[in-house]
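Okay, structure first, notes after.
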Amino acid sequence: MAKLLYSATMSLDGFIAGPDGDMSWLTEYLGPNPTIDELMPQVGALLVGQRTFGGDDPYKGTEAEGEAFGGGWRGPSIVLTHWPPKDDLPETIFASSLKEAIRLAKDAAGDKYVNVLGASVAKQCLAAGELDEILVCIAPVMLGDGVRLYDLPGGGARVRLERKDVSHAEHATNLWFRVLKR
Numbered sequence: 130m131a132k133l134l135y136s137a138t139m140s141l142d143g144f145i146a147g148p149d150g151d152m153s154w155l156t157e158y159l160g161p162n163p164t165i166d167e168l169m170p171q172v173g174a175l176l177v178g179q180r181t182f183g184g185d186d187p188y189k190g191t192e193a194e195g196e197a198f199g200g201g202w203r204g205p206s207i208v209l210t211h212w213p214p215k216d217d218l219p220e221t222i223f224a225s226s227l228k229e230a231i232r233l234a235k236d237a238a239g240d241k242y243v244n245v246l247g248a249s250v251a252k253q254c255l256a257a258g259e260l261d262e263i264l265v266c267i268a269p270v271m272l273g274d275g276v277r278l279y280d281l282p283g284g285g286a287r288v289r290l291e292r293k294d295v296s297h298a299e300h301a302t303n304l305w306f307r308v309l310k311r
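To convert, take the position in the sequence shown, counting from 1, and add 129; that gives the numbering used here.
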């Protein structure tokens, strides 16, 4: 059965995107990362939030623009949105409820990972008790503002984690955790 994995590159001060979803900061930290290279064949589907799906692309202006993981991964994407585009997109399915999106993504992934992309959809998966693991690639930069990896102002719930792995790449330190279920 598929597991849900939230993965993101994060600044040292906790941001996965700059103000207004700006991803341009990430471009200089997209160097080789063996942990991500090893993960790609283990991913069977993506579960993507609306803001991530329609947001900035750190590969903008390159051959890899518009490609998941800069073209390092190919397969089905399930986008959680209330505003699907009118035109069909190859290997992309739009779902309007979290429950439906998770079901579709797990079905598509088979016994591989569903890679969750986007802070909001990851937070929803955590709240629903569906998120199994978190992989954070920490880039050596501080942004000071933007979209946090995890944010619940005024009502934050503690999420207990168990370290699964720590590794280092040229431009990041990778921290991989299991989410301890309640």
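Think of the CB as a built atom: it goes at the ideal place given N, C-alpha and C, for glycine as much as any other residue. Note that the structure is predicted; figures quoted are calculated from it, not measured.
Own chain residues within Cβ distance below 8 Å of residue i, not counting five before or after
i	result
Ala224	Ile207, Val208, Leu209, Thr210, Ala230 and Leu233
Val295	Thr302, Asn303, Leu304 and Trp305
Lys132	Tyr242, Val243, Asp261 and Glu262
Lys293	Glu262, Trp305, Phe306 and Arg307
Contact check, residue i vs residue j, beta carbons under 8 Å
i	j	result
Leu134	Asn244	yes
Leu246	Leu175	yes
Ala137	Leu278	yes
Gln179	Trp202	no
Asp142	Leu272	yes
Ala193	Gly200	yes
Met139	Ala268	yes
Same chain, Cβ closer than 6 Å to residue i, five either side skipped, listed in chain order
i	result
Pro282	none
Met152	Ala146, Asp185 and Pro187
Ala239	Here residue 239 is Gly; the residue named in the question, Ala, does not match the sequence. Once the five neighbours on either side are set aside, the close Cβ partners of Gly239 are Gly173.
Residue environment, residue i, which counts as buried when at least 16 other CB atoms sit within 10 Å
i	result
Gln253	buried
Ala237	buried
Leu90	Look at the range of the chain in this structure, 130 to 311, and you will see that residue 90 is not part of it.
Beta-carbon contacts of residue i that lie in its chain and below 7 Å, excluding the five residues immediately before and after
i	result
Glu299	Gly160 and Pro161
Thr221	Ser206 and Val208
Gly150	Arg180, Gly184, Asp185 and Val276
Are the stretch 188-206 and the stretch 255-264 in contact at 8 Å, needing three or more beta carbon pairs?
no
4 or more residues per run - each alpha helix (DSSP H) lying fully within the stretch 142-190
163-168 and 179-182
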